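From first to last, the protein sequence lines are chains A and B. Read in order, the letters of the first sequence are residues 268 to 413 in my numbering. Read in order, the letters of the second sequence are residues -19 to 81 in my numbering. Yeah, the Cβ is synthetic: ideal placement off N, Cα and C, and Gly gets one too. Owing to the predicted nature of the structure, the values given are computational and were not obtained by experimental measurement. A quick write-up on the structure given underneath.
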Amino acid sequence: MASRVSGLTGKSKANPILGYSDTETVKLDFDDASFRIARYWAERTSRWFRLRGFIILKSSKNHYHVVFDRVVAWAQNVRIVAWVALLSHNKGLARWLPMQCIKGCSTLRVSSKREKLPPRIVCRHGKLDRNVENFLKYRKMIKKNS
Amino acid sequence: MVKKIAVYGSYEAKVPVRQRFWKRRRNGIRQRYWKRTSRMKIAEMKGRYEFHGKGKDLYKAVVKAHHLMPKGFVDVSAEEFLRHPEKYGFEGEWIDREVKS
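Written out as structure tokens, the structure is:
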């Protein structure tokens, strides 16, 4: 798995990236999309698939994560994400989806990554007492660690 | 359903240098083999832990994962990882490199 051989000099110590993974929470990762676009697709998806509610997290400039509240099976989860990726024409999301399918669960970053800060919540909508509550609980624990 | 914590990124670690050698088979085919030498090199690699389990174990496992680099893609319970960390990881150092989720 070695990709390149190099020396240790001139490199800063870094921490690993920490993320939250599961199969039953619908998550979306919008790259190169404005907040308006992310919110539009989050609302539309939530209404169409009856996902109860969602939160939007700002990962970095023009990069947003969406976490939905309803518990779904993995097959349904993939179906929903593929539906959004196809209709929204978001290239980042379309590339993110196969990576999650290969792993068999979807992951969203929780800690900081290089110069990027940890994602912060910018919008809450609808009921948030199931998966979103779980996600926030784990996020709190992970953030304590990082 | 299982909730997991993913710990991933690029790291540098000392790995043994592998040397190739050939042996001729009885049927005439030249077969290539690899052997691990005692020399070590610093290699840049990528890896990932997927931890699941109870809160306290998860916390301890993530702390330990800061010092132990994963051997490829490691999907393990936090409890098992804490019991035998050397089985799933080895010494190295995490580095800042672009990694896709």
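Review point. Taking Cβ positions only, does A:T374 come closer than 7 Å to chain B?
Key: Interface residue, yes.
Check your understanding: So, helix, strand or coil for A:L318, using DSSP?
Key -> Three-state result, A:L318: coil.
Review point. If we cut at 7 Å on Cβ distances, does A:P365 have a partner in chain B?
Key: The C-beta of A:P365 comes no closer than 7 Å to any C-beta of chain B.
Check your understanding: Does any residue of chain B bring its CB to less than 7 Å from the CB of A:G286?
Key -> Chain B, which has a Cβ nearer than 7 Å to the Cβ of A:G286, makes this yes.
Check your understanding: For B:K51, which residues of its own chain have a beta-carbon under 8 Å away from its beta-carbon, when the five flanking residues on both sides are left out?
Key -> Sequence-distant Cβ neighbours of B:K51 in its own chain, meaning closer than 8 Å and more than five residues away, are G27, Y68, G69, F70.
Practice item. Closer than 7 Å by C-beta to A:A342: which residues in its own chain qualify, once you throw out the five before and the five after it? Chain order, please. Key: So the list is empty, once near-sequence residues are dropped.
Check your understanding: From the DSSP output, which residues share a beta bridge with A:I388?
Key -> According to DSSP, A:I388 bridges with A:L324.
Practice item. List the whole-angstrom C-beta distance separating A:P283 from B:W74, where the pair is believed to meet the contact cut-off of C-beta under 8 Å. Key: A:P283 to B:W74, Cβ: 5 Å. Contact.
Point to revise | Cβ-based neighbour list, A:A352, same chain, cut-off 6 Å, excluding 5 preceding and 5 following | key: A distance below 6 Å between beta-carbons, with the five flanking residues on each side excluded, links A:A352 to the following residues of its chain, in chain order: L360, A361, L364.
**Study point:** Cut-off 6 Å between Cβ atoms - residues of its own chain near A:N344, not counting five sequence neighbours on either side
**Key:** Excluding sequence neighbours, A:N344 sits near V293.
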